[in-house]
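The block underneath contains the structure these notes are about, expressed in structure tokens.
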Ligand code: HEC
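Numbering (my numbering), first residue to last: -13 to 139.
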């Protein structure tokens, strides 16, 4: 009986050590980087819109950047809205104004997002890598970003 239990435990431990058992997507940039180092040409580890980018936009941006609150400003609720604004240039983070405003000195008048919604360096790295990788974002309703919360009046 004992032996049988060890056998099960042993094979479980062995499985988790197999290199193929690494999660394909991770919203932890340092995990991504070490994974990329091991396999520099791996196309498997990419920033996932659903896992990493949608929560950032939802928690920090679409509360304001939606068609009702800021009708004349970039709309980050859908891929179509965001692309129309020209703020995201797939494959070209340097030309993507969404990033230049986020990275601006927080004291700058136009820095984004406004103070209480600022992003961490990890979140900025995720956005940058996602844009570098082509800003994969499902079109239409599938990719809709709802604001995570509605501010109190
Ligand atoms: C509290 C409301 C609010 C939040 C949250 C917010 N923004 Fe903004 N954003 C604004 C306003 C207002 C403007 C227009 C500012 C101006 O023109 O002076 C703006 C402008 C911008 C612009 C420039 C638009 C242009 O026409 O040049 C970008 C890009 C932008 N925001 C990105 C973001 C991103 C990305 C986030 C989330 C990470 C974010 N914003 C979160 C209110 C917000």
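Heads up, the beta-carbon is just placed ideally off N, CA and C, and yes, glycines get one too. Just so it is clear, the structure is predicted and the values come from calculations on it, not from any experiment.
Bounding residues of the alpha helix (DSSP H) (the contiguous stretch that carries residue i)
i, result
"residue 67", "65 to 70"
Rounded Cβ spacing between residue i and residue j (contact assumed at less than 8 Å)
i, j, result
"residue 133", "residue 35", "Going by Cβ atoms, the distance from residue 133 to residue 35 rounds to 17 Å, so no, they are not a contact pair."
"residue 51", "residue 59", "6 Å"
For residue j and residue i, the rounded distance between their alpha carbons
i, j, result
"residue 135", "residue 128", "20 Å"
"residue 113", "residue 69", "15 Å"
"residue 108", "residue 117", "14 Å"
"residue 100", "residue 88", "9 Å"
"residue 57", "residue 32", "32 Å"
"residue 104", "residue 62", "16 Å"
"residue 81", "residue 130", "24 Å"
"residue 41", "residue 84", "16 Å"
"residue 37", "residue 55", "25 Å"
"residue 110", "residue 126", "24 Å"
"residue 48", "residue 90", "19 Å"
"residue 102", "residue 44", "14 Å"
"residue 67", "residue 53", "9 Å"
"residue 78", "residue 39", "17 Å"
Task: Length at least 4, wholly inside the stretch 42 to 120: the alpha helix (DSSP H) runs in chain order - done: 65 to 70, 83 to 89, 107 to 118
- [ ] Could you say if the stretch 64 to 77 and the stretch 90 to 106 meet the contact criterion of at least three C-beta pairs nearer than 8 Å?
- [x] no
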